[in-house]
């Protein structure tokens, strides 16, 4: 199935080996997709390149037939090698101009931003979507800025037109508020990868997001 | 100056931040080039991508005008972003077939091998040169196989036609023996980057290599 050029980012799973309780990424992703995840990011800052590529290929084999995009964190070499749908770049990763030149116009380029100024700049530089973080305090990443809060999400929403994905401390009980504040989607790590049942966790998040989106449309 | 398609690998410097005694890579490389280094590999397994790219661009600005190739360790994304001359891949990095597809025919692809079997396979797969390691025991890398020794260098020399660069524990007093055993060049890390004067250290190595090459031609 061809990936939509404007992918559904509403429930965006970010993998994390350290939170996975020893379970393989492919197994978690398979369950999470069955539960309704709409987009997957492979994030692994530690594995050797060859292992990363093998992991990315396993995920591509699961996701491509389901029409769900795979985005690779940081490593454009890996994204290009496996023909992933996109790359997600932090402020310490390759800059957008370099990445666009190598990735071509079709690859999705997502950018992590932690402030309104970052967001405006990334939109201007040609990002395809923004990961805005941290929305809430989070234990997964320890090197982050102060939480944006819902007001921060709303402020960025008013300033940029790009799709926005909130990340950081988002769970079933606060996901709807993030969407209501203006995000197009929520990204989660531990709320799915550390869950007893990733499928159930994804389905619950999906339901909350769908309700919030309907609420916003009224 | 255009980089020769068959670069001079005779004195091949591999950078290493940890052994550099706090000195900037660009400062060490500038001195090492003045001393006679013929090829430079940027090796940095820890810095964020953006910092790696900035460092690679600083080295390119030094090396390109001197006609000396810059090879990037592992990270083909970085090599492509800065239009480096090549990429050097270990057995845990991207495999040659993937790398060649992304890098194109002109980029130099060097492969690290630790055995005769690795060497024959890498030649078959289309490597442009081989880094054979460790020739001697080395403190710089702790995850290496048993030393090949001079006999191991000679054995690989008889089996493959590719340019061979010995690495691992090579210093001024044993460099000539590595060339005499059949290597086209020697790669060094701490013998230059940790030296009091990288320029003098490079010049001394260069002299020993030149003598050994003359000796081999008699």
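Protein chains in written order, with my numbering: chain A, 616 to 833; chain V, 616 to 833. Just so you know, even glycine gets a beta-carbon here, dropped at the ideal spot from N, CA and C. Quick caveat: nothing in here was measured; it's all calculated off a predicted structure.
Between residue 663(A) and chain V, the shortest Cβ-Cβ separation is below 8 Å. In its chain, beyond the 5 residues on either side, 806, 816, 819, 820, 823 have a beta carbon closer than 8 Å to the beta carbon of residue 787(V). Counting of Cβ neighbours within 10 angstroms places residue 656(V) among the buried residues, the total reaching 16 or more.
Under a criterion of Cβ atoms nearer than 7 Å, the residues of chain V adjacent to residue 709(A) are, in order, 664, 665, 668, 692, 696. Separation of residue 759(A) and residue 651(A) (C-alpha to C-alpha, rounded to the nearest whole angstrom) is 28 Å. The beta carbon of residue 733(A) does not come within 8 Å of any beta carbon belonging to chain V, so the residue lies off that interface. Interface annotation, residue 717(A): in contact with chain V, CB-CB separation under 8 Å.
DSSP places residue 764(V) within a helical segment (H, G or I) once states are collapsed to three. Straight across, the Cα-Cα distance linking residue 743(V) with residue 708(V) is about 16 Å. Under DSSP, residue 704(A) takes part in a beta bridge, and its partners are 726(A).
By the CB criterion at 8 Å, residue 701(V) and residue 726(V) fall outside the cutoff.
Closer than 8 Å at the C-beta level to chain V, one finds no residue of the region 751–765 of chain A. Of the candidates 777(A), 678(A), 739(A), 777(A) places its Cα closest to the Cα of residue 621(A).
When 9 Å is used as the limit between beta carbons, residue 659(A) is near no residue of chain V, the shortest such separation being about 14 Å. One alpha carbon belongs to residue 644(V), the other to residue 674(V), and they sit about 8 Å apart.
Beta-carbon to beta-carbon, residue 772(V) and residue 796(V) are separated by about 7 Å, close enough to satisfy the 8 Å threshold.
Listed by position along chain V, the residues whose Cβ is nearer than 8 Å to that of residue 713(A) are 668, 696. From the listed residues 774(A), 711(A), 641(A), 626(A), the smallest Cα separation to residue 734(A) is found for 774(A).
Apart from sequence neighbours up to five positions away, the residues of its chain that approach residue 627(V) with a beta-carbon distance below 6 Å are 654, 780, 800, 802, ordered along the chain. Here residue 712(A) is exposed. Its C-beta has fewer than 16 other C-beta atoms within 10 Å.
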